[in-house]
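Counted the way this note's numbering counts, the sequence shown spans residues 607 to 669. Glycine included, each C-beta is placed from N, C-alpha and C at the ideal position. Presented below is the structure to which this report refers.
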Amino acid sequence: MLTVSAVVVFVLAEVGLIWKGGLKWWHAAVCNIAALYLAATSMGPSLYGGLESAAQMLGEIRF
Numbered sequence: 607m608l609t610v611s612a613v614v615v616f617v618l619a620e621v622g623l624i625w626k627g628g629l630k631w632w633h634a635a636v637c638n639i640a641a642l643y644l645a646a647t648s649m650g651p652s653l654y655g656g657l658e659s660a661a662q663m664l665g666e667i668r669f
């Protein structure tokens, strides 16, 4: 079974959006700073739980 860190997936998606999608690098930087800020607040565990649930749903998809 292949396991990939969520950080790796998000970084690859972000690089792809900057490179091909027209996302400006400073917009991505602001989003990263906001995400780090939110992760450090009391909302962090809730966000983590939501990401875990989404990853579990995606992991159950069979092709």
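How many angstroms separate the CA atom of residue i from the CA atom of residue j?
i: F669; j: Q662; result: 15 Å
i: V617; j: I667; result: 23 Å
i: M649; j: W625; result: 31 Å
i: A612; j: A646; result: 17 Å
i: L623; j: V610; result: 19 Å
Cβ atoms of residue j and residue i: under 8 Å apart, would you say?
i: L644; j: L653; result: yes
i: A634; j: E620; result: yes
Problem set entry | Uninterrupted alpha helix (DSSP H) stretches inside the stretch 628-667 (no shorter than 4 residues) | 631-646 and 650-665
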